[in-house]
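Heads up: the protein sequence lines correspond to chains A and B, in order. Following the numbering used here, the numbering of the first sequence begins with 472 at its first residue and continues without gaps. Following the numbering used here, the numbering of the second sequence begins with 472 at its first residue and continues without gaps.
Protein chains: 2
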Amino acid sequence: MEIKALKALAHPVRRQIMEALRSGAKTSGELADLFDASWPTVSRHLATLKEADLITAERRATSILYRANTSVLEDAAAAVLALIRADDGNDLDDDMKEAAE
Amino acid sequence: MEIKALKALAHPVRRQIMEALRSGAKTSGELADLFDASWPTVSRHLATLKEADLITAERRATSILYRANTSVLEDAAAAVLALIRADDGNDLDDDMKEAAE
DNA sequence: ATATTAATTAGCATAATTGCTAATTAGCAA
DNA sequence: TTGCTAATTAGCAATTATGCTAATTAATAT
Numbered sequence: 472m473e474i475k476a477l478k479a480l481a482h483p484v485r486r487q488i489m490e491a492l493r494s495g496a497k498t499s500g501e502l503a504d505l506f507d508a509s510w511p512t513v514s515r516h517l518a519t520l521k522e523a524d525l526i527t528a529e530r531r532a533t534s535i536l537y538r539a540n541t542s543v544l545e546d547a548a549a550a551v552l553a554l555i556r557a558d559d560g561n562d563l564d565d566d567m568k569e570a571a572e
Numbered sequence: 472m473e474i475k476a477l478k479a480l481a482h483p484v485r486r487q488i489m490e491a492l493r494s495g496a497k498t499s500g501e502l503a504d505l506f507d508a509s510w511p512t513v514s515r516h517l518a519t520l521k522e523a524d525l526i527t528a529e530r531r532a533t534s535i536l537y538r539a540n541t542s543v544l545e546d547a548a549a550a551v552l553a554l555i556r557a558d559d560g561n562d563l564d565d566d567m568k569e570a571a572e
């Protein structure tokens, strides 16, 4: 679940694609125009994001509209937050006592 | 910043290490015992996490204590959440041009 | 000095990722 | 049918990640 999403979000271009989709659905060509990478390269990143369920694709005549899957982004963020100890106050990173067990 | 953290968190073993550190600081050996991977392999994952500033290391006599860096985890989660469109006309750090549609 | 324990670093092999160009599929319009 | 546009897939080279064993550093103790 989140494992694929976090891996997909590890690449800067893929994060930028997700960022570009914040403002609404875009076609593959529109997205490819935003980056220096070639269109096939962007297309592959889109496939990776789709495989991780971070985006959905919908055919519109000759083009394909991509849109972000918000819930999966939320799940991914939650998975990262879950790595922080929930209960028991924790300091930032300077000195705190280690729990002995 | 978050780019290294998200990349580091893309690997399941590294996430499990962070998970193991939720309950408090642990030594390299204690962490290595938790996984099937060899100690050197775990050690390398620790180096990756440290490089991403997700953990800190402190020498304690013959062993080295690792602890999670909570603030960086928070930043990483925030970076993922930032990929979700904030409600209505609300542009945080949108450096993309708007779609023509 | 040697020994012991804790941990990392070195070196290597394999696997996965990335990004390109060229080729191909998909839909639409004459 | 042909042609055109949109997009993906194929195939390849280069890079990076992963994980192992063997060697090495570090701290402590005898």
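For glycine and all other residues, C-beta sits at the position ideal for the given N, C-alpha and C.
Burial state of residue i, where buried means 16 or more other Cβ atoms lie within 10 Å
i	result
Arg530 (chain A)	exposed
Ala532 (chain B)	exposed
Arg485 (chain A)	buried
Ala557 (chain A)	exposed
Arg538 (chain A)	exposed
Ala549 (chain A)	exposed
Ala479 (chain B)	buried
Ala518 (chain B)	exposed
Opening and closing residue of the alpha helix (DSSP H) in which residue i lies
i	result
Ser499 (chain B)	Ser499 to Asp504
Arg493 (chain B)	From DSSP, Arg493 (chain B) is part of no alpha helix (DSSP H); its letter is neither H nor E.
Ala479 (chain A)	Glu473 to Ala479
> What residues in the stretch 540 to 551 of chain A have a beta carbon less than 9 Å from any beta carbon of chain B?
Replying inline: The residues in question are Thr541, Leu544, Glu545, Ala547, Ala548, Ala549, Ala550 and Val551.
> Are at least three pairs of beta-carbons, each pair with one atom in the stretch 485 to 496 of chain B and one in the stretch 524 to 544 of chain B, less than 8 Å apart?
Replying inline: When Cβ pairs closer than 8 Å are counted between the two stretches, the stretch 485 to 496 of chain B is seen to touch the stretch 524 to 544 of chain B, the count reaching three or more.
>> When you compare the stretch 510 to 524 of chain A with the stretch 514 to 529 of chain B, are there three or more beta-carbon pairs, one atom per stretch, that lie closer than 8 Å?
In response: Look at the beta carbons and you see the stretch 510 to 524 of chain A not touching the stretch 514 to 529 of chain B: under three pairs across the two are nearer than 8 Å.
> What are the start and end residues of each continuous beta strand (DSSP E) run of 3 or more residues lying completely inside the stretch 517 to 566 of chain A, in chain order?
Replying inline: Within the stretch 517 to 566 of chain A, the complete beta strand (DSSP E) runs of at least 3 residues are 526 to 531 and 534 to 539.
> Of all the residues that make up the stretch 480 to 501 of chain B, which are near chain A by a beta-carbon distance shorter than 9 Å?
Replying inline: Residues of the stretch 480 to 501 of chain B whose Cβ lies closer than 9 Å to any Cβ of chain A, in chain order: Leu480, Ala481, His482, Pro483, Arg486, Met489, Glu490, Leu492, Arg493, Ser494, Gly495, Ala496 and Lys497.
> Going along the stretch 523 to 538 of chain B in order, which residues come within less than 8 Å of chain A, judged by CB to CB distance?
Replying inline: So the close ones are Thr527, Leu536 and Arg538.
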